[in-house]
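Trainee:
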Amino acid sequence: MTETWTFYNPVFEMNLISPLFESESAWRGHVRFGYDLVANTRPPLVVELGTHYGSSFFSFCQAAKDLSLKGTQLHAVDTWEGDAHSGHYDENVFSMVSRVAERFPHALLNRNTFDDASFQYPDGSIDILHVDGLHTYEAVRHDCEVWMPKLAPGGLLLIHDTEMRIGDFGVWQWWQELSARCPSFSFGHSAGLGIAAPNGSGPVMELLLANLPALQEHYSR
């Protein structure tokens, strides 16, 4: 991990293949943070729950590739069938995601349900966990409670859509509960992104919090 936070200016290969990767994703406002998070912290294992087109996942992958992070693995867990919030979609989405994933030697696509995939990861093994599945309160709480034990000491949990308060979206409610009991902060733009350290603060969260005003200003542009 770096001792100071560096702001990079990446070129995302996913956009060279199709504009859909960012245009179809509410995560497009967070891709620079996703890239910089991996570039600055160099995590051994990143796992994402809910990938869809892969805007978030490929921002992580781009950093690992650009910096030749040989000790980093990035896993995307998804059925690529859709759900009640994203809508259900055909095999073309997974085919497109697979085509981009081939560009990244660090990437692994784990086509599975979140619950079934959870048995593949030992407790304490994941350095960064990004949760972006079904967005009801019950679903996101369940996903986090199943997967948070998989986080390494000081590991980070990222939760998307913390600012969405429409229909039966309940991520905001779960984020309020979770963030009140562990070191955390959030970005309010692009539907909101919460960053928490459920197992207690470690070097990564300390680095983020030490630079928080600059991070908030830079990534919200």
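The sequence shown begins at -2 in our numbering and counts up one residue at a time.
In this text, a Cβ means the ideal position worked out from N, Cα and C, and glycines have one as well.
As the structure is a prediction and not an experimental result, all values here were calculated from the model.
1. Contact check, L64 vs A36 under 8 Å by CB: the rounded distance?
2. In whole angstroms, what separates the C-alpha of E135 from that of G167?
3. Among A188, L175, L155, P180, which one has its Cα closest to the Cα of L34?
4. Would you check if there are 3 or more beta carbon pairs closer than 8 Å linking the region 127 to 141 to the region 85 to 102?
5. For the alpha helix (DSSP H) containing P200, name the first residue and the last one.
6. What residues in its chain sit with their C-beta under 7 Å from that of V201, if we drop five residues either side in the sequence?
7. Return the first residue and the last residue of the beta strand (DSSP E) that A149 is part of.
8. With a threshold of 8 Å between beta carbons, is S115 in contact with chain C?
9. Just the C-alpha distance for E19 and L42, rounded to the nearest angstrom, thanks.
10. Return the first residue and the last residue of the alpha helix (DSSP H) that L66 is part of.
Mentor: With the structure as the only source:
1. 6 Å
2. 8 Å
3. L155
4. no
5. 200 to 207
6. Once the five neighbours on either side are set aside, the close Cβ partners of V201 are M(-2), T38, G151, L153.
7. 148 to 157
8. This model lacks chain C altogether; it includes just one protein chain.
9. 24 Å
10. That residue, L66, is in no alpha helix (DSSP H); it is neither H nor E in DSSP.
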